Ligand code: SF4
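Residue numbers (our numbering): 2 to 214.
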């Protein structure tokens with residue numbers, strides 16, 4: 002368990018980060034939208050952090066809570082429940098904190114430049130939340146972690162595996178969107194993948210106990 006002083010310091014770091022992200026206008030195409038980052042993403046000291054791609058127009062950008070209000074969010078909540086994790090126990094964020102849209106207003110993938118612009122925020126969220134386990138949801142977020150600390154992992158080769166990364170455990174998973182479910186990773190496989198998150202938490206907790214004075 003994290004101590005009280007540690008948690009209040011981390012909470013202060015997190016609040017400063019939220020204020021900075023709210024004022025950020027670094028990506029020209031994101032102007033008019035704002036970063037989905039607040040205490041509604043989770044709390045400093047959460048044992049596990051999930052990192053998605055970017056907030057969706059009908060999802061996080063509208064509700065201000067990542068992975069909620071759309072089908073990806075409903076799938077994600079179901080997968081969390083399958084390993085007995087409640088949203089209140091986890092921290093959820095995205096590689097790009099603002100919602101990227103095409104000229105027609107549809108969701109689009111964040112560009113490499115947008116993810117790179119936001120990588121300082123991702124690094125600082127990881128530092129402030131200090132999770133024992135980081136779970137990436139999709140190839141974009143797995144690649145985004147490389148800017149925080151290099152890793153050689155790919156979704157194709159390492160999906161559902163537990164890897165050491167940046168002093169923590171990393172589990173790469175597929176994104177829970179309906180498109181990915183239909184084309185790359187169907188629900189039964191995704192549910193199997195989530196069991197690795199539960200195993201990683203057991204392993205990380207055991208490591209933390211062994212390292213405690
Ligand atoms: S995506 Fe990140 S870097 Fe870009 S404007 Fe939003 S908060 Fe700033």
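Glycine is no exception: its CB is placed at the ideal position from the N, C-alpha and C atoms.
Note that the structure is predicted; figures quoted are calculated from it, not measured.
Residue range of the unbroken alpha helix (DSSP H) whose run includes residue i
| i | result |
| --- | --- |
| residue 1 | For residue 1 there is no data in the structure shown, the boundaries of the chain being 2 and 214. |
| residue 195 | 188–212 |
| residue 6 | 5–24 |
| residue 183 | 179–184 |
| residue 63 | 61–64 |
| residue 150 | Looking at the DSSP string, residue 150 is not in any alpha helix (DSSP H), and its letter there is neither H nor E. |
| residue 156 | 156–159 |
Which of helix, strand or coil DSSP assigns to residue i
| i | result |
| --- | --- |
| residue 108 | strand |
| residue 139 | coil |
| residue 164 | strand |
| residue 38 | coil |
| residue 124 | helix |
| residue 113 | helix |
| residue 44 | coil |
| residue 88 | helix |
| residue 58 | coil |
| residue 131 | coil |
| residue 119 | helix |
| residue 27 | coil |
beta-carbon residue i near the ligand SF4 non-hydrogen atom, thresh 7 Å
| i | result |
| --- | --- |
| residue 50 | no |
| residue 115 | yes |
| residue 118 | yes |
| residue 98 | yes |
| residue 102 | no |
| residue 22 | yes |
| residue 110 | no |
| residue 7 | no |
| residue 125 | no |
| residue 36 | yes |
| residue 77 | no |
| residue 26 | yes |
| residue 15 | no |
| residue 122 | yes |
Buried or exposed (CB count within 10 angstroms, at least 16 for buried), residue i
| i | result |
| --- | --- |
| residue 158 | exposed |
| residue 67 | buried |
| residue 210 | exposed |
| residue 99 | buried |
| residue 162 | exposed |
| residue 7 | exposed |
| residue 192 | exposed |
| residue 168 | exposed |
| residue 5 | exposed |
| residue 145 | buried |
| residue 103 | exposed |
| residue 1 | The chain is shown from 2 up to 214; residue 1 falls before or after that span and cannot be answered. |
| residue 114 | exposed |
Endpoints, beta strand (DSSP E) assigned at residue i
| i | result |
| --- | --- |
| residue 94 | 91–95 |
| residue 53 | 49–53 |
Strand pairing of residue i, partner residues [DSSP]
| i | result |
| --- | --- |
| residue 173 | 137 |
| residue 102 | 108 |
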